[in-house]
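So the sequence shown is residues 1 to 306, counted in full-length UniProt numbering. Presented below is the structure to which this report refers.
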Amino acid sequence: MLMKSFLEGVINRNKYMCELGKVADYIPGLSTANKNHLGICIIDTSGEIVIAGDADVKFTLQSISKPLTLMLALLDQGEKYVFSKVGMEPSGDAFNSIRKLETGRMRKPFNPMINAGAIEVCSMIKGKSSAEKFERVLNFIKLISGNNNLKVNEDIYKGEKETGNKNRSMAYFLKGEGLISGDVEDVLDVYFKQCSIEVTAIDLAKIGLFLARGGVLENGDRVVSEHIATIAKTLMMTCGMYDGSGEFAIKVGIPSKSGVGGGILSVIPGKMGIGVFGPSLDLKGNSIGGIAVLEEIAENFKFSIF
Ligand code: DON
1 MLMKSFLEGV
11 INRNKYMCEL
21 GKVADYIPGL
31 STANKNHLGI
41 CIIDTSGEIV
51 IAGDADVKFT
61 LQSISKPLTL
71 MLALLDQGEK
81 YVFSKVGMEP
91 SGDAFNSIRK
101 LETGRMRKPF
111 NPMINAGAIE
121 VCSMIKGKSS
131 AEKFERVLNF
141 IKLISGNNNL
151 KVNEDIYKGE
161 KETGNKNRSM
171 AYFLKGEGLI
181 SGDVEDVLDV
191 YFKQCSIEVT
201 AIDLAKIGLF
211 LARGGVLENG
221 DRVVSEHIAT
231 IAKTLMMTCG
241 MYDGSGEFAI
251 KVGIPSKSGV
261 GGGILSVIPG
271 KMGIGVFGPS
281 LDLKGNSIGG
291 IAVLEEIAEN
301 FKFSIF
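Listed below in structure tokens is the structure:
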């Protein structure tokens with residue numbers, strides 16, 4: 001297992017990268033994050049846990065929620081139905097791009113990791129009301145992170161709801177295309193709330209471990225089939241870093257999902273879960289320091305799955 005002193009060295013060596021990026025400011029509440037925060041947590045399948053840097057600072061899941069709600073939608077609706085409404089292909093566009101919704105050959109969002117695809121996935125979560133749907137999402141994430149105290153950051157949620165008009169436009173377009181059934185604002189409410197769930201790098205590492213174990217909790221309970229866990233990991237690998245996914249696959253080579261809150265959820269299948277936090281972002285909306293940290297670790301320990 002990795003040594004704490006080594007991980008602390010990795011954090012210190014890559015901290016300068018935080019200066020080169022910018023914290024997200026298009027969602028009120030995210031702009032006050034400390035751009036110099038950088039932390040990591042790694043947990044292996046024996047349960048050994050190593051943390052370094054700002055691993056206990058809270059931030060919001062944002063897009064890291066997307067592979068998680070995808071697993072719940074797959075449980076609720078099955079693979080055939082889910083992928084009849086959202087694709088499995090990298091878009092090569094920014095996470096919030098709208099253009100391929102109309103001009104793309106697929107006539108559905110390219111994949112569940114971009115905003116349009118994640119909103120589509122949200123509309124498939126079962127529940128009688130949007131409150132019940134979100135309750136199921138939150139309970140699912142509590143279960144796979146082993147953290148029963150997870151909750152929504154209300155300020156970030158309100159900010160997202162107030163300013164999320166690009167997401168709103170995509171959701172109404174999807175409704176117009178017959179891809180979303182039900183009330184669009186209800187679907188968006190679940191999406192904005194799932195993005196606003198507060199976690200730490202430690203929570204992310206636990207979720208990563210759950211995926212590394214193929215959908216099984218530390219106590220041995222199976223939550224999703226191995227196949228569903230594999231779908232989530234595969235889409236994280238091919239689309240999880242958006243239009244930076246190709247470069248990330250070469251430089252790091254492990255399934256990962258970023259969020260504009262600064263988190264990265266990474267999985268080394270069969271071996272480890274990794275959570276990284278660094279709110280300073282690159283131009284593609286991925287944690288700039290977090291990627292640098294993952295690059296150094298992956299290169300040192302030959303973690304690439306390729
Ligand atoms: O909908 C949004 O734009 C945000 N709630 C989530 C975007 C995000 O995290 C993109 N990831 N890097």
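Ideal Cβ placement from N, Cα and C applies to all residues, glycine included.
Proximal residues to residue i (C-beta, below 7 Å), its chain only, five neighbours per side dropped
i: leucine 20; result: Ile288
i: alanine 212; result: Thr45, Val267, Ile268, Pro269, Gly270, Lys271, Met272 and Gly273
i: isoleucine 254; result: Ser266, Val267, Ile268, Ala298, Phe303, Ser304 and Ile305
i: residue 307; result: Outside the modelled stretch of the chain, which goes from 1 to 306, sits residue 307, for which no answer is possible.
i: lysine 251; result: Glu295
Close beta carbons around residue i, own chain, < 6 Å, minus the five adjacent residues each side
i: isoleucine 64; result: Lys257, Gly259, Gly263 and Leu265
i: glutamate 8; result: Ala52
i: isoleucine 43; result: Ile49, Ala205, Leu209 and Gly273
i: methionine 241; result: Phe248, Ser258 and Asn286
i: asparagine 36; result: Cys18
i: valine 190; result: Cys122, Ser130, Lys133 and Phe134
Nearest residue (CA-CA) to residue i, options the options
i: asparagine 147; options: Thr200, Asn12 and Ala212; result: Thr200
i: isoleucine 40; options: Asp203, Pro112, Glu299 and Thr230; result: Asp203
i: glycine 143; options: Ile43, Ile305, Leu72 and Thr32; result: Just to set this straight, residue 143 is leucine in the shown sequence, not glycine. Among Ile43, Ile305, Leu72 and Thr32, the Cα nearest to that of leucine 143 is on Leu72.
i: leucine 281; options: Lys15, Lys4, Phe6 and Met3; result: Lys15
i: tyrosine 81; options: Ile49, Ser123, Asp93 and Leu138; result: Ser123
i: aspartate 221; options: Ile27, Phe210, Gly246 and Lys85; result: Phe210
i: glycine 117; options: Asn219, Ser145, Asn167 and Gly215; result: Asn167
i: asparagine 153; options: Pro109, Phe6 and Ile27; result: Ile27
i: residue 315; options: Phe192, Arg107, Asn34 and Thr60; result: The structure shown does not extend to residue 315, since the chain spans only 1 to 306, so no value can be given for it.
i: lysine 22; options: Pro112, Gly278 and Lys108; result: Gly278
i: alanine 33; options: Ile156, Gly182, Gln194 and Cys239; result: Ile156
i: isoleucine 125; options: Pro90, Gln194, Asn96 and Thr60; result: Gln194
Where residue i falls, given that 16 or more other Cβ within 10 Å makes a residue buried
i: glutamate 120; result: buried
i: leucine 283; result: exposed
i: isoleucine 114; result: buried
i: glycine 246; result: exposed
i: glycine 78; result: exposed
i: asparagine 149; result: exposed
i: asparagine 111; result: buried
i: lysine 66; result: buried
i: methionine 3; result: exposed
i: aspartate 243; result: buried
i: phenylalanine 301; result: exposed
i: aspartate 25; result: exposed
Spatial neighbours of residue i in its chain, beta-carbon cut-off 8 Å, leaving aside the 5 residues before and after
i: leucine 75; result: Val224 and Ile228
i: glutamate 102; result: Phe173
beta-carbon residue i near the ligand ADP non-hydrogen atom, thresh 7 Å
i: serine 63; result: Questions concerning the ligand ADP fall outside what the structure shown contains, since the ligands it does hold are the ligand DON.
In chain order, each alpha helix (DSSP H) run of at least 4 residues that lies wholly inside the stretch 190 to 230:
201 to 212, all fully within the stretch 190 to 230.
Counting only runs that start and end within the stretch 99 to 140, where is the alpha helix (DSSP H) found for 4 or more residues in a row?
Listed in chain order, they are 99 to 103 and 115 to 122.
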